[in-house]
Amino acid sequence: MDLKKMGFQLPETIKFDEETLTSTYGKLVAEPLERGYGITLGNALRRVLLSSIEGAAVTAVKIPSALHEFSVIKGVKEDVVDVILNIKKLRFKINSGNNKIAFIRTKGTHLVTGADVQCDSSFEVLNPDQVIATLDKDTSFEAELFIKKGLGYAQAEANKDEAMPINMIAVDSIFTPIRKVNFVVEKARVGRATDYDRLIMEIWTDGSITPEKAISQAATIIIEVANLFVLEYEDIEEEQIAPSEEETPLVSVAPNDPVYNVNLLKSVDELELSVRSYNCLKNANIKTIADLVQKTEQEMLRTKNFGRKSLNEIKEILHSMGLRLGMRVDMDALNKEASMHIGGVDKDASQS
261 MDLKKMGFQL PETIKFDEET LTSTYGKLVA EPLERGYGIT LGNALRRVLL SSIEGAAVTA
321 VKIPSALHEF SVIKGVKEDV VDVILNIKKL RFKINSGNNK IAFIRTKGTH LVTGADVQCD
381 SSFEVLNPDQ VIATLDKDTS FEAELFIKKG LGYAQAEANK DEAMPINMIA VDSIFTPIRK
441 VNFVVEKARV GRATDYDRLI MEIWTDGSIT PEKAISQAAT IIIEVANLFV LEYEDIEEEQ
501 IAPSEEETPL VSVAPNDPVY NVNLLKSVDE LELSVRSYNC LKNANIKTIA DLVQKTEQEM
561 LRTKNFGRKS LNEIKEILHS MGLRLGMRVD MDALNKEASM HIGGVDKDAS QS
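Right under this line is the structure:
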């Protein structure tokens, strides 16, 4: 479907305001949009930004001197409830891995803050000024913070684990790294027409993700989900290959052949395919380029939701690699070659 041929107005400008852009704030302008699409896109992006962007948060706290959240810690001004509320406000950025444990160990008259949280090199505290507790003279304070990645919000019950020690306290977690999202829709001009939309979005984050990356992830999520509703019945109906048409002759390809191509060892994840084409290959259990080139055009067009546009896209990419559809690959020989370089091609990945 060619939206431009239909006269559908696509945005000519989608950019962040460079003067105000920071690691925690961004103002995005997209224009011109078809009338009504400012609200449509603004609502969708805002909802996904607030609910579906991954972040990290404390899910449980272990304080050796407190058996439960209603305990009182000697020498600490705040009770355990207040200490936990303060800990929940800590924001983290996990650079690698998923589950982390941070420690607090301090002593003496001291204002305990996020700067006292001890992290390894794989994660960090983003708000070191966050107050956690106030200690009196000669008081020691220790705590273990259990941190996980997640989406949106999780109640304390969801964070409980049967294997948790008695003195470990599960807490509710706000995982989302997006602090706030606003958007407004204004009128935009195209030629003499003034009934188009201009979408202006403001995004605030906790610093674990930039506004640019957040909007990109939100758009990708929307595309991935919306793509499930796409049925290319028009392509299949109008462009079905006639049964009498001859299929592409099969060509033997083995590592000792002069036409052997190292790209055969690659995963289809490495192809820069559109979301629709990639999902079709994934649903058809086509995992490697070797799997793909053994398919004929007719077989590909019989794949659910796979149309002529996707076929042409794949043919063009394969052509740039010196490959094409309809080849015969010696998988045993290919596996031997792969084992010399990358440890072999998985059997499941080599069967379509």
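Those letters in the sequence shown? Residues 261 to 612, per the numbering used here, in order. For each residue, glycine too, the CB sits at the ideal point set by N, CA and C.
Asked, Found
"Distance, A448 Cα to V289 Cα", "11 Å"
"Whole-angstrom C-beta distance between E402 and I364, which should lie under 8 Å", "6 Å"
"Sub-8 Å separation of D396 and T373 beta-carbons", "no"
"Alpha-carbon spacing of L583 relative to V553, whole angstroms", "7 Å"
"For S537, three-class secondary structure by DSSP", "helix"
"Inter-stretch contact (C-beta, 8 Å, three-pair minimum) for the stretch 322-332 and the stretch 300-314", "no"
"C-alpha gap between A320 and R458, whole angstroms", "44 Å"
"L281 - DSSP class collapsed to helix/strand/coil", "coil"
"Whole-number beta carbon distance between F443 and R306, since they are thought to touch under 8 Å", "6 Å"
"Through-space distance from M591 to T548, alpha-carbon basis", "11 Å"
"When N521, D551, E557 and F566 are compared against N539, the one with the closest alpha-carbon", "F566"
"Whole-angstrom distance between L270 and Y297, CA atom to CA atom", "10 Å"
"The ligand GTP heavy atom lying under 7 Å from the CB of I333", "You won't find the ligand GTP in this model; it holds no ligand whatsoever."
"Same chain, Cβ closer than 7 Å to D495, five either side skipped, listed in chain order", "Bear in mind that a pLDDT of 48 at D495, under 50, signals an unreliable position, so the number given afterwards is only what the model happens to contain. Excluding residues within five positions, the ones whose Cβ falls inside 7 Å are G567, R568 and K569."
"V519 (DSSP reduced to helix, strand or coil)", "Unreliable placement is indicated for V519, whose pLDDT of 49 sits below 50; the coordinate value is still reported in the next sentence. Residue state, collapsed to three classes: coil."
"Option in K408, L386 and D376 with minimal Cα separation from N359", "K408"
"Nearest residue (CA-CA) to V385, options T369, Q415, I354 and S400", "I354"
"Spatially closest choice to L293 from I274, R452 and D432, by CA coordinates", "I274"
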